[in-house]
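**Student:** First the structure, then my questions, so here it is.
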Amino acid sequence: MGPDPKDKPCPMAVFEILRKMRPLRQIEAAELLVNANNYSVAYRGIMSAWLPEGVDGAIKLDGKGLKVDAQFSGRGEVSTAALDSLKIVAFDLAALHLAVEEKADLPAFLIHDSPREADLDGTLYARLFELVQRWEDEAGPPCFQYIVTTTTAPPKKLQNDQYVRLRMSSTPAEQRLFRMDL
């Protein structure tokens, strides 16, 4: 029997660290490594489905926790407010996707409170909604809930009662979430 094609190479330094841990901690660390790879695969899928060609991403686990990266072809890692927003939204969507696939012990529920639409150009912002709608269409019966609060309207085809549950405004107070000044 040959190696499993899903196996990934592991640096020798990882084994040195694992040997120094107590057995229970070894198991937890191994689970974190596996889950980090699951998240990385899901994250890369989100990045490729949502963003233009030439953008790639990865999630790495190091001694400080998870590191979420995004790179542009030929430019390496780039950090801007817009890219930071993209990385956060893509990471959250990857977690939601893994929850739907039952590959993560998370609820299939996500709330984005105004996901920095000012940092995203209009095309990327619209593609966010279209990506989630495509998931819903492919899934059949709804198996997740995604709530977005935003000051920018979603694409026209998603501005109906099937997708928009509540329209709110800052004025008058009756149109706010709790219908009052706080």
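Once you know that position 144 of the sequence shown is 940 in this note's numbering, the rest is easy, because the numbers rise by one and skip nothing.
Note that CB positions come from ideal geometry on N, CA and C, so glycine has one too.
Just reading off the beta strand (DSSP E) that residue 942 is part of, what are its end residues?
**Tutor:** 941-945
**Student:** Have a look at residue 925 and residue 840 and give me their C-alpha separation to the nearest angstrom.
**Tutor:** 18 Å
**Student:** In the DSSP assignment, what are the bridge partners of residue 854?
**Tutor:** Paired residues: 865.
**Student:** Where does the unbroken beta strand (DSSP E) through residue 906 begin, and where does it stop?
**Tutor:** Where residue 906 is concerned, the enclosing beta strand (DSSP E) starts and stops at 905-909.
**Student:** When you compare only the Cα positions, how much space is there between residue 920 and residue 968?
**Tutor:** 31 Å
**Student:** Span of the alpha helix (DSSP H) holding residue 890?
**Tutor:** 877-896
**Student:** If you draw a straight line from the alpha carbon of residue 800 to that of residue 845, how long is it in whole angstroms?
**Tutor:** With a pLDDT of 49 at residue 800, under the threshold of 50, the modelled position of that residue is not reliable, and no figure is offered here.
**Student:** Note the first and the last residue of the continuous alpha helix (DSSP H) segment covering residue 933.
**Tutor:** 918-935
**Student:** If I'm right that residue 835 touches residue 895 with Cβ under 8 Å, what's the distance once you round it to whole angstroms?
**Tutor:** Between residue 895 and residue 835 the Cβ distance is about 11 Å, and since that is not below 8 Å, they are no contact.
**Student:** Less than 7 Å separating the beta-carbons of residue 908 and residue 944?
**Tutor:** Yes, they are a contact pair.
**Student:** Is residue 969 helix, strand or coil by DSSP?
**Tutor:** Under the three-state reduction of DSSP output, residue 969 falls in the helix class.
**Student:** Identify, in the order they occur along the chain, each residue of the same chain with its Cβ nearer than 7 Å to the Cβ of residue 923, setting aside the five sequence neighbours on each side.
**Tutor:** 846
**Student:** Report the rounded CA-to-CA distance for residue 880 versus residue 902, giving the unit in angstroms.
**Tutor:** Going from the Cα of residue 880 to the Cα of residue 902 covers about 23 Å.
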